[in-house]
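Notes for the one structure printed next.
Numbering (this note's numbering), first residue to last: 140 to 284.
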């Protein structure tokens, strides 16, 4: 699966740049300020790295394990109730290359300069007891050597 993620990202045409190594939070886009995913280690093409959802949601607890969406970064797309858990939910991964389990290990081999976004999502229950999608804040990732 690690190699397939590397190949999917490499062939998906994700934006390439001369970016400095970084995993940068994109605040204020999730449902009620839920924490962004985190990087473990620099996002390196040579050594790989891991991604993890940012912890317990600040707004509503997940009733199923979260998944990570990985893809291009976009302006926040509103995901309003009843689908989204609050009126502040914004999706910043569009298009998505796929969803992956939490945590996810990204193996070596991604192109240097690749820029992508990561956002966690889970099924939650809102105040009325209806099922909805809870989104974390986003994370921008730039791959370095």
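Glycine is no exception: its CB is placed at the ideal position from the N, C-alpha and C atoms.
Alpha carbon of residue 235 to alpha carbon of residue 202, nearest angstrom: Counting only the Cα atoms, residue 202 lies some 23 angstroms from residue 235.
Stretch pair the segment 216-236 + the segment 245-252: three plus CB contacts closer than 8 angstroms: No, the segment 216-236 does not touch the segment 245-252.
Alpha-carbon spacing of residue 265 relative to residue 183, whole angstroms: A straight line joining the alpha-carbon of residue 265 with that of residue 183 spans about 38 angstroms.
Helix, strand or coil at residue 145 according to DSSP, with G and I counted as helix: Caution is warranted here: a pLDDT of 40 is assigned to residue 145, below 50, making its placement in the model unreliable, and the coordinate value is therefore given only provisionally. Residue 145 falls in the helix class under three-state DSSP.
Distance CB(residue 275)-CB(residue 192) smaller than 8 angstroms: Yes; because the gap between Cβ atoms is below 8 angstroms, this pair is in contact.
Sequence-distant residues of its chain with Cβ nearer than 7 angstroms to residue 194 (five each side left out): Exclusion of the five residues before and after residue 194 leaves 174 as the residues of its chain whose Cβ lies within less than 7 angstroms of its Cβ.
Per DSSP, cross-strand counterpart(s) of residue 239: Partner residues in the beta bridge of residue 239, as assigned by DSSP, are 207.
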